[in-house]
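31 is the number of the first residue of the sequence shown in full-length UniProt numbering; add one for each residue after it. Backbone N, C-alpha and C define an ideal beta-carbon position, used for all residues, glycine too.
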Amino acid sequence: PAKFQWDDSLNSQSLYTEEELAVQETARSYCQEQLLPRVLDAYRNEHYHREILSEMGELGLLGATIQGYGCAGVSSVASGLITREVERVDSGYRSGMSVQSSLVMGPIDEFGTKEQKDRWLEKLGQGKLVGCFGLTEPNHGSDPGSLETTAKPHPSKEGYYSLSGAKTWITNSPIADIAVVWAKLQETGKIRGFVIERDQCPPGTFETPVLKNKNGLRASVTGMIQLDECPVPKENMFPEIEGLKGPFACLNSARLGIAWGVMGALEDALERTRNYALERKQFKGNPIAKYQLVQKKMTDASTDIAYGLLAAHQVSRLKDDGKVAPEMISMIKRQNCDRALINTRHLQEVFGGNAVSDEYHIGRHVSNLFVTQTYEGQSDIHALVIGRAITGMQAFV
Ligand code: TGC
Ligand code: FAD
């Protein structure tokens with residue numbers, strides 16, 4: 031019989047192609063050598079090192095599934111392996127990357143005109159420009175269909191819309207050069223997507239105050255987008271896509287990335303717990319790894335990682351074959367985020383008092399994983415998306 035590998039219990043590695051494994055290796059080396067040494071400082075000081083996006087761009091990690099524009103054009107599995115490696119270090123680093131790749135480059139690639147793609151995709155892929163994605167508003171999070179930000183013909187600038195409204199909890203907004211913003215077109219009442227360029231906005235029309243003192247995702251930067259009659263050229267609107275389908279199409283990719291990413295965070299938590307439990311001795315000199323209750327916590331985590339990776343792999347292959355249903359993505363986003371949060375919370379106990387020190391990294395993962403369970407559709411919302419597909423009845427309203 032084959033030997034059981036505790037760090038890949040159901041041998042998910044055997045499902046990846048040579049190219050996918052090479053991409054994973056590139057991402058892993060970068061993350062362990064370049065990101066891990068920075069994360070404690072970033073987390074303590076709530077500071078996002080902007081240059082990370084440039085470094086990721088140089089390695090081809092941004093917009094990795096996009097064909098052309100200097101992007102890597104790899105499979106959704108390879109892209110998932112990148113997010114897994116980044117989030118093995120920190121969910122905030124994965125967040126900054128996911129927004130850039132899936133939520134900014136994604137819609138430009140999928141819905142943009144040729145001019146829009148030529149203008150922004152390559153620079154975003156290189157990390158020379160930073161993007162953010164504004165859907166959530168102070169009064170509308172789980173229910174983005176009710177958003178209040180409006181776009182109307184600009185009263186004094188021919189060929190421009192005027193955008194007004196507020197977005198909140200927006201990853202990357204304080205450092206963004208461009209913002210993909212979803213607003214209701216006054217003429218039709220339909221949601222449309224706009225690309226706003228910071229350097230084209232008159233003072234006071236586009237502000238992105240930072241949201242400080244977060245107790246999770248501190249290694250990423252989060253802010254608002256405040257729009258006060260902000261003039262946006264008509265050619266910066268995505269031409270065809272209308273309604274919630276637009277933002278949700280991008281969210282499908284980002285949510286798939288999160289389903290992979292959180293498994294990386296849980297894998298890191300398990301590895302750190304195992305190392306600690308083998309070293310730490312209590313009661314007659316026994317390593318605490320010898321005790322049944324400690325072993326069960328690690329068994330639960332290992333099982334959920336193995337199942338979560340297999341499910342993410344399956345849904346990614348279906349996506350690339352054009353056979354994915356959004357509810358499949360809801361299922362793995364919800365399940366993997368919930369299991370990652372619950373397991374890291376249990377593993378945290380193995381560290382005893384040391385869990386309180388950030389140098390053991392476990393508390394950081396727990397705080398981050400609460401956020402992953404909340405953004406891009408809180409877990410209960412995804413439960414209702416699946417429930418609707420099972421019963422044919424929506425339970426949101
Ligand atoms: P509903 O009637 O369900 O749908 C309206 C229209 O949208 C279409 N649609 C989808 N299309 C593609 N993929 C999906 N996943 C889709 N889900 C819905 C749907 O077919 C319909 O199209 P049409 O042609 O009929 O108009 O809309 P609803 O208003 O009932 O929505 C309910 C619900 C709960 C599903 C939805 O609003 C939801 O998912 N809420 C969660 C909100 C959310 O995920 N926000 C994310 C903000 S971005 C973010 O958090 C980034 S964090 C990133 C980081 O830092 O890493
Ligand atoms: P609410 O919608 O107020 O929900 C609160 C609770 O009520 C949840 O538990 C929810 O499940 C429950 N609930 C709501 N409605 C129902 C219902 N019908 N039935 C049952 N339960 C319900 N957004 C962006 O657009 N872009 C970003 O880049 C971005 N980045 C983020 C970064 C961070 C750090 C955070 C914390 C959030 C970010 N978000 C972003 C926002 C995120 O998507 C929202 O926080 C999330 O969608 C939940 O919305 P809400 O916070 O308004 O919660």
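Short Cβ contact (8 angstroms threshold) for residue i with residue j
i	j	result
Leu241	Asp207	no
Ala213	Thr235	no
Cys260	Leu133	no
Ala102	Gly87	no
Ile255	Gly164	yes
Ser397	Gly171	no
Leu40	Leu323	no
Thr333	Cys367	no
Val107	Arg418	no
Phe141	Phe268	yes
Gln130	Ile138	no
Ile205	Val251	yes
Ser283	Thr201	no
Leu111	Ala57	yes
Met293	Ala355	no
Asp388	Arg74	yes
Local Cβ density within 10 Å of residue i, reported as buried at 16 or more and exposed below that
i	result
Met423	exposed
Lys363	buried
Arg80	exposed
Leu300	buried
Lys327	buried
Arg222	buried
Lys197	buried
Trp36	exposed
Thr421	exposed
Lys349	buried
Arg248	buried
Ser59	exposed
Gly315	exposed
Glu188	exposed
Gln62	exposed
Val427	exposed
Thr374	buried
Gln97	exposed
Asp120	buried
Glu406	buried
Arg118	buried
Gln312	exposed
Gln365	buried
Nearest-angstrom Cβ-Cβ length linking residue i and residue j, presumed shorter than 8 angstroms
i	j	result
Ala331	Leu377	6 angstroms
Gly273	Lys220	6 angstroms
Ile359	Leu286	5 angstroms
Gly393	Thr113	Not really, about 22 angstroms apart at Cβ, beyond 8 angstroms.
Leu399	Ala295	6 angstroms
Pro183	Tyr191	6 angstroms
Val380	Thr303	5 angstroms
Leu70	Tyr123	That pair is no contact at about 13 angstroms.
Check: residue i C-beta below 7 angstroms from any heavy atom of the ligand TGC
i	result
Lys264	no
Asn245	no
Ser172	yes
Phe278	yes
Gly175	yes
Lys197	no
Gly273	yes
Asn384	no
Leu133	yes
Pro185	no
Asn282	yes
Pro168	no
Pro356	yes
beta-carbon residue i near the ligand FAD non-hydrogen atom, thresh 7 angstroms
i	result
Leu193	no
Glu406	yes
Ile226	no
Thr252	yes
Gly157	no
Phe426	yes
Asp410	yes
Gly136	no
Gly126	no
Ile255	no
Cys162	yes
Leu414	yes
Thr421	no
Leu399	no
Proximity test, Cβ basis, 8 angstroms: residue i and chain D
i	result
Ile226	This model lacks chain D altogether, as it is built from one protein chain only.
The ligand NAD heavy atom lying under 7 angstroms from the CB of residue i
i	result
Cys367	Questions concerning the ligand NAD fall outside what the structure shown contains, since the ligands it does hold are the ligand TGC and the ligand FAD.
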